[in-house]
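Per the numbering used here, the sequence shown starts with residue 7, numbered consecutively.
No residue lacks a Cβ here, since even glycine has one placed at the ideal position from N, Cα and C.
Okay, so here's the structure we're looking at.
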Amino acid sequence: MTRVIHITDLHFWRIVRNPLLLCNKRMLGNLNLLLRRRKYVRQERVAAFIEQFSTLNADVLLIGGDLTTTATDAEYKMAAAFVDALARYDAPIYITAGNHDLYTFESLRRKRFESYFGDRIETPGAPRMTLLPGGAPLLIVPTARPNFLSSRGGITKTQLTATRRLLEQAPDGPLIVLAHYPILPCTDAYRSGLMRRLGNADALRRLLGETGRPILYLAGHVHVYSHIRDPLFPKIEQVTSAALFYEKERHPGGFTEIVCDGPEHTVYPWEYCDGWRHS
Ligand SMILES: [Fe+2]
Ligand SMILES: [Fe+2]
7 MTRVIHITDL
17 HFWRIVRNPL
27 LLCNKRMLGN
37 LNLLLRRRKY
47 VRQERVAAFI
57 EQFSTLNADV
67 LLIGGDLTTT
77 ATDAEYKMAA
87 AFVDALARYD
97 APIYITAGNH
107 DLYTFESLRR
117 KRFESYFGDR
127 IETPGAPRMT
137 LLPGGAPLLI
147 VPTARPNFLS
157 SRGGITKTQL
167 TATRRLLEQA
177 PDGPLIVLAH
187 YPILPCTDAY
197 RSGLMRRLGN
207 ADALRRLLGE
217 TGRPILYLAG
227 HVHVYSHIRD
237 PLFPKIEQVT
247 SAALFYEKER
257 HPGGFTEIVC
267 DGPEHTVYPW
277 EYCDGWRHS
């Protein structure tokens, strides 16, 4: 049995007061933070999550991106300290970047994500395959990129080709995929506008679906829990986890626990409501 914990969209935040750091898209992100986001991203719950995590007996921790909000060094330091605290519980940790981790072209140029998360991330810009404890293959697909204004994701032809090669080499059996963006733009739980979705999701979806193998696709970005079977490729199950520290009326904070037992798996969403509990 392998117990996988999936957390995503931590959105550690720090308001930027240095005008020199605001000469780009961060100006908008900082304004949004001042007016809205800081009220519902409850980063003071870090300790409560670490305590909960210590009781979960996780075999592996997957982090689906958006660890930061406007990708400043200050936010990255908070996120890295949190990940280091979770690493004390000995479960391997794998991370993929979200669009907020590459919020500005400057953050990409300075390789901030790579410099803070070192060998926990995929080779910058390239998909990566590894084996989880228990032997199930894990495919990490980069889907985030910086944008001038939108929150759109993307996967290039080169990245798709590399993903295809990894899929061909993967051992048989169920596959877990970790990415930031969902491959399904709309479900009963969320609806992603054109400027917020993965640009060429269909190409990735087809590539995965045409393998004909069972795939559990884990994503974030939409900030709500959902669990659905792909109507076109029914061997793909997609799970999106809630934003870890959220506290919004219809968007409580959450994470997902997945228990894999041979070819079977069970998915348990956890939610924060005066403490962590799962349904
Ligand atoms: Fe997010
Ligand atoms: Fe995102």
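Span of the alpha helix (DSSP H) holding residue i?
i           : result
residue 81  : 79-93
residue 66  : Unbroken run through residue 66 is the beta strand (DSSP E), 66-69; no alpha helix (DSSP H).
residue 228 : Per DSSP, residue 228 belongs to no alpha helix (DSSP H) and is neither H nor E.
residue 53  : 52-59
On the DSSP bridge list, what partners appear for residue i?
i           : result
residue 235 : 243
residue 252 : 47
residue 267 : 270
residue 261 : 276
residue 74  : 18
Along the chain, where does the beta strand (DSSP E) containing residue i start, and where does it finish?
i           : result
residue 225 : 221-225
residue 201 : Here residue 201 belongs to no beta strand (DSSP E), and DSSP marks it neither H nor E.
residue 33  : Counting along the chain, residue 33 falls outside any beta strand (DSSP E), though it belongs to the alpha helix (DSSP H) covering 32-38.
residue 21  : Run containing residue 21: none; DSSP gives neither H nor E here.
residue 211 : From DSSP, residue 211 is part of no beta strand (DSSP E) but of the alpha helix (DSSP H) over 207-215.
residue 134 : 134-137
residue 144 : 143-146
residue 10  : 8-13
residue 42  : Taken as a continuous stretch (DSSP letters only), residue 42 belongs to no beta strand (DSSP E), as it is neither H nor E.
What is the C-beta distance between residue i and residue j, in whole angstroms, given that I count them as a contact (C-beta under 8 Å)?
i           : j           : result
residue 242 : residue 214 : 6 Å
residue 14  : residue 247 : 5 Å
residue 36  : residue 76  : 6 Å
residue 257 : residue 230 : 6 Å
residue 95  : residue 122 : Contact doesn't hold; Cβ gap of about 20 Å is too wide.
residue 286 : residue 103 : Within the shown structure, residues of the chain are numbered from 7 to 285, placing residue 286 beyond reach of any answer.
residue 228 : residue 245 : With a Cβ gap of about 11 Å, residue 228 and residue 245 do not count as contacting.
residue 282 : residue 54  : 7 Å
Three or more C-beta pairs under 8 Å: does that hold for the region 240-254 against the region 45-54?
yes
Let me know the alpha helix (DSSP H) ranges lying completely inside the region 148-198, each 4 residues or longer, listed in chain order.
163-175
Check whether the region 256-268 touches the region 8-19, counting contact only when three or more Cβ pairs, one atom from each stretch, lie closer than 8 Å.
yes
Within 8 Å, do at least three Cβ pairs link the region 81-96 to the region 161-168?
no
If contact is defined by three or more beta carbon pairs under 8 Å, each pair taking one atom from either stretch, is the region 182-191 in contact with the region 63-72?
yes
So, do the region 200-210 and the region 173-181 have three or more beta carbon pairs nearer to each other than 8 Å?
no
Could you tell me which whole alpha helix (DSSP H) segments of length 4 or greater appear in the region 105-130?
111-115, 118-123
Would you call the region 15-28 and the region 57-64 in contact, with 3 or more CB pairs under 8 Å?
no
So does the region 106-114 actually touch the region 146-156, counting three or more Cβ pairs closer than 8 Å?
yes
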